[in-house]
Amino acid sequence: MLYDLVLRGGRVINPAQNINGVHDVAIKDGRIAAVLPSIAPSSAKETVDVAGKLVLPGLIDTHGHVFEYVTGRFGLEADLCGVRSGVTTIVDQGGPSCMTLPAFRAHVVETKQTRALAFLSAYLVGGMEGHYYPSLYKPDCVDVEATVKSALENRDIVKGIKAHAELGGFARWGIEVIKLAAEIGKRANLPLYIHFGQLWGLPESGANGVDPDTILDQVVPLLRPGDVLAHPFTRHPGGFVNREGKVHPIVKEALARGLKTDVGHGSHFSYRMARIALDAGIVPDTLGADMHGYNTRVPKPKGTPDAHPDKEHMFFGQTRFSLVSAMTSMLALGLTIEQIVPMVTTHPATMLGMENELGSLKPGREADVSVLHDERGSWTLQDNERTKLRTDRMLRPYFCLRAGKRHDSDASILPPLAVAA
Ligand SMILES: [Zn+2]
Numbered sequence: 048m049l050y051d052l053v054l055r056g057g058r059v060i061n062p063a064q065n066i067n068g069v070h071d072v073a074i075k076d077g078r079i080a081a082v083l084p085s086i087a088p089s090s091a092k093e094t095v096d097v098a099g100k101l102v103l104p105g106l107i108d109t110h111g112h113v114f115e116y117v118t119g120r121f122g123l124e125a126d127l128c129g130v131r132s133g134v135t136t137i138v139d140q141g142g143p144s145c146m147t148l149p150a151f152r153a154h155v156v157e158t159k160q161t162r163a164l165a166f167l168s169a170y171l172v173g174g175m176e177g178h179y180y181p182s183l184y185k186p187d188c189v190d191v192e193a194t195v196k197s198a199l200e201n202r203d204i205v206k207g208i209k210a211h212a213e214l215g216g217f218a219r220w221g222i223e224v225i226k227l228a229a230e231i232g233k234r235a236n237l238p239l240y241i242h243f244g245q246l247w248g249l250p251e252s253g254a255n256g257v258d259p260d261t262i263l264d265q266v267v268p269l270l271r272p273g274d275v276l277a278h279p280f281t282r283h284p285g286g287f288v289n290r291e292g293k294v295h296p297i298v299k300e301a302l303a304r305g306l307k308t309d310v311g312h313g314s315h316f317s318y319r320m321a322r323i324a325l326d327a328g329i330v331p332d333t334l335g336a337d338m339h340g341y342n343t344r345v346p347k348p349k350g351t352p353d354a355h356p357d358k359e360h361m362f363f364g365q366t367r368f369s370l371v372s373a374m375t376s377m378l379a380l381g382l383t384i385e386q387i388v389p390m391v392t393t394h395p396a397t398m399l400g401m402e403n404e405l406g407s408l409k410p411g412r413e414a415d416v417s418v419l420h421d422e423r424g425s426w427t428l429q430d431n432e433r434t435k436l437r438t439d440r441m442l443r444p445y446f447c448l449r450a451g452k453r454h455d456s457d458a459s460i461l462p463p464l465a466v467a468a
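Under this note's numbering, the first residue of the sequence shown is numbered 48, with each subsequent residue one higher.
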């Protein structure tokens, strides 16, 4: 037999090689062997009929929180939002730090079926309990030297640096933390991923005169091409859309200079803000699901702090989600599937500096393949502001191959079609 497995008759979208149409995909020894309009079934030990399905390079989630237990209630089990949700690679955004990265390597990277990578936290403690305790993130709690060292000595898994530019931090300490994070990114020569939109509570003294609409103006000049502005569709102050309801003028300048944008869908995502940003021509480079223990239906570890309100559902009243649900959100907003697939394949591969390893079905690559149901019907999506959006197309994960090994999409956190309808 020439091949171990052939996926037959699916619609292959492989932007890296300009393939968009019905093709067969052959796998041998855990690698892509061939992608052709037709491959004889007799040439393979096993064939799977995927007619009517989308067959894509293994999906890359650029914004995950999968440092289970170490980040408290915040971190999800990696395979739950990874291979069991149709996602082959997941990037933890700022969970591990220079102090805890060895645990991330031992307990996530080396034990999970999903390929796990990290944007290293700029803060010594990392993303504990979803940054519920702001005093852990002051400038004193950043060690540039140690973080650069950790990033450089772990380049196989550290692909960037994570920091937050938001009102609670600016009200307490101004821009100092972002300056330190920018220095880490520069010295490690890694992209810096910056969260925008208020996240932390304000200090008792309030905003201390900080105008959230000035945060982008202060931060963008510190950033380099390839750095990532996250959450362009956030409903919180300090994001891309200012209080006049317009996209902040510096955003276009920043993108022209080579900065990138990541949706980071999560629970702060607003269809209203997305409409404004998309109409202004802001098409994000990468998607990112931004699922975590507060917005996803998972059991709460015993005895963990319960100060954090557990009301951050992905959509209003709905805690079942996946990166593929975020793709459906983008379709509902009017983006084409040809615009969306690169946001979860080629573009993140480039963001990670791994375009020669990930994001393509090129023969010879590790066989990371995601197969999605592509349903037609009529559904209503509703965000956390209760803005409703109709969609006639619903994507759902079916299964994925991670280095040729099949994982069915059976995660408990996936929305059932009936609920989505
Ligand atoms: Zn996040």
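Glycine included, C-beta positions come from ideal geometry on N, C-alpha and C.
Spatial distance of residue i from residue j (CA atoms)
{"i": "Tyr318", "j": "Asp430", "result": "7 Å"}
{"i": "His242", "j": "Val310", "result": "10 Å"}
{"i": "Met338", "j": "Ile204", "result": "20 Å"}
{"i": "Leu408", "j": "Thr393", "result": "10 Å"}
{"i": "Gln265", "j": "Ile222", "result": "8 Å"}
{"i": "Met320", "j": "Phe280", "result": "5 Å"}
{"i": "Val97", "j": "Met441", "result": "17 Å"}
{"i": "Thr135", "j": "Glu251", "result": "43 Å"}
{"i": "Gln64", "j": "Cys145", "result": "37 Å"}
{"i": "Lys452", "j": "Ile74", "result": "10 Å"}
{"i": "Thr158", "j": "Arg367", "result": "25 Å"}
{"i": "Lys249", "j": "Pro410", "result": "Here residue 249 is Leu; the residue named in the question, Lys, does not match the sequence. Cα-Cα distance, rounded: 52 Å."}
{"i": "Val53", "j": "His110", "result": "31 Å"}
{"i": "Tyr116", "j": "Ala414", "result": "30 Å"}
{"i": "Leu49", "j": "Ala81", "result": "11 Å"}
{"i": "Gln160", "j": "Ala301", "result": "37 Å"}
{"i": "Arg152", "j": "Arg131", "result": "20 Å"}
{"i": "Val95", "j": "Gly381", "result": "31 Å"}
{"i": "Lys233", "j": "Ile66", "result": "36 Å"}
{"i": "Ala467", "j": "Leu239", "result": "Caution is warranted here: a pLDDT of 49 is assigned to Ala467, below 50, making its placement in the model unreliable, and no coordinate value can be reported."}
{"i": "Ala218", "j": "Gly256", "result": "7 Å"}
{"i": "Glu124", "j": "Ile384", "result": "28 Å"}
Terminal residues of the beta strand (DSSP E) in which residue i lies
{"i": "Ala81", "result": "78-83"}
{"i": "Lys307", "result": "307-309"}
{"i": "Gln265", "result": "Segment 262-266 is the alpha helix (DSSP H) holding Gln265; no beta strand (DSSP E) there."}
{"i": "Val345", "result": "Where Val345 is concerned, there is no enclosing beta strand (DSSP E), given that its DSSP letter is neither H nor E."}
{"i": "Ile241", "result": "239-243"}
{"i": "Thr136", "result": "134-140"}
Three-state secondary structure (DSSP) of residue i
{"i": "Glu422", "result": "strand"}
{"i": "Met320", "result": "helix"}
{"i": "Leu49", "result": "coil"}
{"i": "Met441", "result": "strand"}
{"i": "His278", "result": "coil"}
{"i": "Arg202", "result": "coil"}
{"i": "Asn339", "result": "Contrary to the premise, residue 339 reads as His rather than Asn in this sequence. In the structure shown, His339 sits in coil (DSSP, three-state: anything other than H, G, I, E or B)."}
{"i": "Ile460", "result": "coil"}
{"i": "His110", "result": "strand"}
{"i": "Glu413", "result": "strand"}
{"i": "Asp326", "result": "helix"}
{"i": "His283", "result": "coil"}
{"i": "Lys435", "result": "strand"}
{"i": "Val155", "result": "helix"}
{"i": "His312", "result": "coil"}
{"i": "Ala468", "result": "For Ala468, the predicted structure reports a pLDDT of 42, less than 50, and the residue's modelled location is therefore unreliable. A value from the coordinates is still provided. Ala468 falls in the coil class under three-state DSSP."}
{"i": "His295", "result": "coil"}
{"i": "Ala63", "result": "helix"}
{"i": "Ala212", "result": "strand"}
{"i": "Leu270", "result": "coil"}
Beta-carbon gap between residue i and residue j smaller than 8 Å
{"i": "Arg27", "j": "Tyr341", "result": "This structure leaves residue 27 out entirely; the chain is present only between 48 and 468."}
{"i": "Lys196", "j": "Ala165", "result": "no"}
{"i": "Val189", "j": "Val224", "result": "yes"}
{"i": "Gly285", "j": "Gly313", "result": "no"}
{"i": "Leu448", "j": "Val416", "result": "yes"}
{"i": "Ser168", "j": "Lys226", "result": "no"}
{"i": "Ala87", "j": "Asp51", "result": "no"}
{"i": "Pro444", "j": "Met390", "result": "no"}
{"i": "Leu419", "j": "Leu101", "result": "yes"}
{"i": "Arg282", "j": "Glu422", "result": "no"}
{"i": "Pro272", "j": "Gln365", "result": "no"}
{"i": "Val298", "j": "Phe287", "result": "yes"}
{"i": "Leu214", "j": "Pro259", "result": "yes"}
{"i": "Gly133", "j": "His112", "result": "no"}
{"i": "Trp247", "j": "His315", "result": "no"}
{"i": "Ala458", "j": "Leu428", "result": "no"}
Residue i - containing alpha helix (DSSP H), residue span
{"i": "Phe151", "result": "148-151"}
{"i": "Asp126", "result": "125-128"}
{"i": "Pro186", "result": "That residue, Pro186, is in no alpha helix (DSSP H); it is neither H nor E in DSSP."}
{"i": "Arg162", "result": "First-last for Arg162: 162-168, but that is the beta strand (DSSP E), not the alpha helix (DSSP H)."}
{"i": "Glu385", "result": "384-390"}
{"i": "Thr397", "result": "393-398"}
Check: residue i C-beta below 7 Å from any heavy atom of ligand 2
{"i": "His110", "result": "For the structure depicted, ligand 2 is absent and the ligand set comprises only ligand 1."}
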